[in-house]
Amino acid sequence: MNPVRIGMLGLGQRGLQHLKAVYQLQQEGLAQIVTLADAFAANVEPAKLQQYVPDLSTDEIQLTTDVDVLLNSNVDALYLSIPPNVHKGEVVRAAQKGIHLFVEKPMSLFLDEAIEMQTAIADAGIISTVGFQQRFDVRHDAVKQYLAGKQGVMVSYTRHGPLEGHSTKHTPTEAVGGPGNRVWTANRAWSGMTVVEGGIHPLDVWRYWFGDVDWVQATYSHRPPTEIVDGADNPYAYNVIFGFKNGVIGNMILSRLRRVYQSYGEEQILWTEGRIELTDDAVIAYHYDGPYPPTVNPTAAELRHEVDVPDGENSTLAISRAFVTAVAQNDPTRIRSPFDDAMNSLAAVLGANISDTLGGKRVYLEELLTGDEFARFRQKVA
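The working numbering puts the sequence shown at residues 273 to 654.
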């Protein structure tokens, strides 16, 4: 099997993480890094790249700021890891050239643009994946297997993160009309707000367990102009309800507050006869599996079941391994989140923003993607 020739566009925080993973695959003989591109020359300086991938040699790698050079460099597959508001047709052009695509989430902040990408990928018949690496988290696989044959009821996710917890990115946004401190994930025009930028990950994992979202309803607590510092204009807090086609309800509560400097989170998954508590290092199920009804109430120890979680590799490496192997073997079944499937996740979180704009109205995703009522929300803002 010949190594898959890899190009990358965007060598910021996430792109560098993918570079590290692909370099590991190169060491294993599965991939060959051919071209690295970024709009900003400083991001493809060899010394900077080697800060993150110390053993990387760039002697035989083409480094460029020119997308045309990248797309014409005879690559088999392309990783795109750029802010979701700055796409300029790169996905469509790559698809039309027959280049297999790994597109970071969120794929766009604008549904019309994402639909154009989706159509080009389908027309080209290429292999694609969106960067939902959490589908490769061994804990999430353990939950999926445990829930097999059980009727889901509800899933809830709470994450309170400090506003100061946003990391400084590699894109010099101060030079292109964005935040002066380069923390673009705190800015709505660049990130699409927290449900889109961060909440799309747990939502996509829920879809991995329960299938597609049918509708979404949301209300946000918005930050007034007097409270905006360094362009951090995303809302204080978010309350979102997702309705799944199989009847499961998803509740997501998020916040980003200043001066807290502490994070808090929890996740619970309910089925008709029990619940799962998902933590950073364990999956715990609570249910009674003895004769029912019991003669006496079961003890806490009898109710608590630790779900076996197998060892596994880093999820960022795992998703790249799946993608590169899929391309090498022309085997799309290895992909857990092809672009077409990922559109439901994107529509759900963008639909949450639209629901809030419309005063908490329930938004059905099929109508959002095709209906005249939502045409203005699908359009790309210049």
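Glycine residues also receive a C-beta, built at the ideal position from the N, C-alpha and C atoms.
Per-residue burial, Ala-554 [other beta carbons within 10 Å of its own, 16 or more giving buried]: exposed
Environment of Gln-405 [buried if 16+ CB atoms lie within 10 Å]: buried
Residue nearest to Val-375 in terms of C-alpha spacing, selected from Asp-580, Leu-328, Ala-349 and Thr-491: Ala-349
DSSP three-state assignment for Tyr-418, whether helix, strand or coil: helix
Among Tyr-636, Ser-617, Phe-611 and Val-621, the one whose alpha carbon lies nearest that of Ala-392: Phe-611
Inter-residue spacing [alpha-carbon to alpha-carbon] between Ala-598 and Lys-369: 18 Å
Cβ-based burial, Ser-493 [other Cβ within 10 Å; buried from 16]: exposed
Contact under 8 Å by Cβ, Asp-502 with Pro-451: yes
Proximity to Tyr-533 [Cα-Cα], best of Asn-346, Gly-437, Asp-505 and Val-341: Gly-437
Where Thr-445 falls, given that 16 or more other Cβ within 10 Å makes a residue buried: buried
Which of helix, strand or coil DSSP assigns to Glu-317: coil
Unbroken alpha helix (DSSP H) run spanning Glu-446, endpoints: Glu-446 -> no alpha helix (DSSP H), and no H or E assigned at all.
Minimum C-alpha distance to Val-512 - residue among Ala-458, Gly-483, Glu-539 and Val-467: Val-467
Local Cβ density within 10 Å of Ala-620, reported as buried at 16 or more and exposed below that: buried
Beta-carbon proximity of Leu-373 to Pro-356, cut-off 8 Å: no
Given 8 Å, three or more beta-carbon pairs between the stretch 300 to 315 and the stretch 459 to 479: no
Leu-328 and Gln-322 closer than 8 Å at C-beta: yes
Euclidean distance between Cα positions of Arg-648 and Ser-617: 20 Å
Bridge-paired residues (DSSP) for Tyr-492: Tyr-510
Whole-Å CB distance - Ala-293 paired with Thr-588, under 8 Å assumed: 5 Å
CA nearest to the CA of Lys-422, picked from Ser-345, Arg-454 and Glu-545: Glu-545
Inter-residue CB distance, Arg-454 and Lys-441 (contact presumed, cutoff 8 Å): 5 Å
Same chain, Cβ closer than 7 Å to Thr-330, neighbours up to 5 away in sequence not counted: Pro-318 and Leu-321
Helix, strand or coil at Asp-409 [DSSP, three-state]: coil
Close beta carbons around Glu-574, own chain, < 8 Å, minus the five adjacent residues each side: Tyr-560 and Gly-562
Beta-carbon gap between Val-339 and Val-427 smaller than 8 Å: no
Exposure of Val-363, with buried meaning 16 or more beta-carbon neighbours within 10 Å: buried
Three-state class that DSSP yields for Leu-328 in the structure shown: coil
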